[in-house]
Amino acid sequence: MKAPEMLARIRENGAIPRHVAIIMDGNGRWARERNLPRPLGHRSGMKSVREVVEGAIEVGIEVLSLFAFSQENWQRPVTEIQALMSLLEEYIAREADELAAQGVRVRVLGDLARLTPPAAAAAAQLMERTAHNDRLVLNLFISYGSRAEIVRAAQQLAEEVRAGRMAASDIDEDAIAERLFTAGVPDPDLLIRTSGEQRISNFMLWQVAYAELYMSPVLWPNFRRQELYAAILDFQNRDRRFGRVTA
Ligand code: FPP
């Protein structure tokens, strides 16, 4: 099926996921298949990022969350880390105008203190520049780990209890959710992972509690909007029960 036909079907079906999250995986294997250095796989993956952003806007998705760099990725060779940091800067420099024009609000989420100063500055500037946009929220998770995010929320809550601003018994699911990077954003309805791996890899553990999972065999640099549409069409056939029985 061609992209316009898929899009028409998605609209016909009607149940559009509000929030789609993607674990972008397989850049290294894409590069190895071509005897290229790994950073060229990441570079090629930038085009796929553009494709899914455009695809998400066409479908009418409200929030798109992309896992670009995990806390564990800091253990990769220095050259690869440097390449990823400069790619982030390059992505922002190249795409900022387009993202702003398309009405995308970009949020860079994670332990940003560890980013290189130019990458952190570029991220802060883009977030500020697009803060008023509301067509699509694009969450770029960088230097992010879900357990660390939950630990941070627990520390904030402990501090508030210690200071007497709340009682331990007031801590509920909302109290935790409000202290995650995704505060105020609906949970993902659909989590996609590319490259055939079947793991969550410490990505939005709290938030994906009821997300539908879609594992695509396609390596991230080969992921085009048709792949996103295929995932959404598959999602539209799922029977989401949230632990209940069907009506
Ligand atoms: C996983 O592939 C991918 C990453 C660690 C980086 C993702 C980065 C991009 C798509 C480009 C930058 C985009 C933005 C928005 C800054 P892998 O290296 O783990 O692949 P492998 O499992 O095949 O080795």
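For our numbering, add 5 to where a residue sits in the sequence shown, where the first one is 1. For each residue, glycine too, the CB sits at the ideal point set by N, CA and C. These figures come from a predicted structure and were not determined experimentally.
Which of helix, strand or coil DSSP assigns to residue i
i: Arg-170; result: coil
i: Leu-69; result: strand
i: Ser-49; result: helix
i: Ser-75; result: strand
i: Val-54; result: helix
i: Leu-195; result: strand
i: Ile-28; result: strand
i: Ala-129; result: helix
i: Gly-60; result: helix
i: Gly-248; result: coil
i: Arg-39; result: coil
i: Asn-138; result: coil
i: Arg-23; result: coil
i: Gln-160; result: helix
i: Gly-189; result: coil
i: Gln-80; result: helix
i: Trp-211; result: coil
Proximity of residue i and residue j at Cβ, strictly below 9 Å
i: Ile-135; j: Val-109; result: The amino acid at residue 135 is misidentified as Ile; the sequence shows Thr. Yes, these two residues count as a Cβ contact at 9 Å.
i: Tyr-219; j: Phe-240; result: yes
i: Leu-224; j: Gly-31; result: yes
i: Arg-131; j: Leu-92; result: The sequence given here places Leu at residue 131; Arg does not occur at that position. Contact flag unset, no.
i: Arg-230; j: Glu-63; result: yes
i: Ile-15; j: Leu-238; result: yes
i: Val-190; j: Val-111; result: no
i: Ala-153; j: Gln-76; result: yes
i: Arg-51; j: Glu-95; result: The identity of residue 51 in the sequence shown is Met, whereas the question assumes Arg. Result yes, Cβ atoms of Met-51 and Glu-95 sit closer than 9 Å.
i: Trp-35; j: Pro-226; result: yes
i: Glu-100; j: Arg-55; result: yes
i: Ala-253; j: Met-90; result: Residue 253 is absent from the structure shown; the chain starts at 6 and stops at 252.
Alpha-carbon spacing of residue i relative to residue j, whole angstroms
i: Val-25; j: Arg-170; result: 35 Å
i: Tyr-215; j: Glu-67; result: 18 Å
i: Arg-98; j: Pro-42; result: Reading off the sequence shown, one finds Ala at residue 98, where the question assumed Arg. Straight-line Cα distance between these residues: approximately 23 Å.
i: Ile-21; j: Asn-144; result: 18 Å
i: Ala-173; j: Ala-158; result: 14 Å
i: Ala-188; j: Lys-7; result: 36 Å
i: Asp-57; j: Leu-71; result: Just to set this straight, residue 57 is Val in the shown sequence, not Asp. Straight-line Cα distance between these residues: approximately 10 Å.
i: Leu-195; j: Glu-217; result: 5 Å
i: Ala-73; j: Ile-147; result: 6 Å
i: Leu-120; j: Ile-28; result: 20 Å
i: Ile-176; j: Ser-53; result: 40 Å
i: Ile-155; j: Ser-206; result: 15 Å
i: Val-250; j: Asp-244; result: 10 Å
i: Asn-18; j: Ala-61; result: 16 Å
i: Gly-150; j: Ala-182; result: 15 Å
i: Asn-78; j: Phe-208; result: 13 Å
i: Leu-12; j: Leu-69; result: 17 Å
i: Ala-129; j: Asn-138; result: 15 Å
i: Arg-204; j: Ala-235; result: 20 Å
i: Glu-133; j: Asp-102; result: 13 Å
i: Glu-59; j: Arg-246; result: 30 Å
Segment limits, beta strand (DSSP E) that includes residue i
i: Ser-91; result: Segment 83–106 is the alpha helix (DSSP H) holding Ser-91; no beta strand (DSSP E) there.
i: Arg-112; result: 109–114
i: Leu-253; result: Given that the chain is displayed from residue 6 to residue 252, the structure contains no residue 253 and the question cannot be resolved.
Boundaries of the alpha helix (DSSP H) in which residue i is found, first to last residue
i: Asn-144; result: Asn-144 -> not in any alpha helix (DSSP H); beta strand (DSSP E) instead, spanning 141–149.
i: Arg-16; result: 8–18
i: Leu-117; result: Careful: Leu-117 lies outside any alpha helix (DSSP H) and carries neither H nor E.
i: Ala-235; result: 230–241
i: Glu-202; result: Unbroken run through Glu-202: none, as it is neither H nor E.
i: Tyr-181; result: Note that residue 181 is Ile in the sequence shown here, rather than Tyr. It spans 178–182 - the alpha helix (DSSP H) in which Ile-181 sits, taken as one unbroken run.
Chain C within 9 Å of residue i, Cβ atoms only
i: Glu-63; result: Absence of chain C from the displayed structure is noted, only one protein chain being present.
Residue i: CB within 8 Å of a non-hydrogen atom of the ligand MG
i: Leu-71; result: Absence of the ligand MG is noted for the structure shown, with the ligand FPP being the only ligands found.
Exercise for review: Would you check if the region 33–49 and the region 112–130 touch, i.e. whether three or more CB-CB distances between them fall below 8 Å?
Suggested key: no
**Study point:** Any 3 or more C-beta pairs closer than 8 Å across the region 78–92 and the region 187–205
**Key:** no
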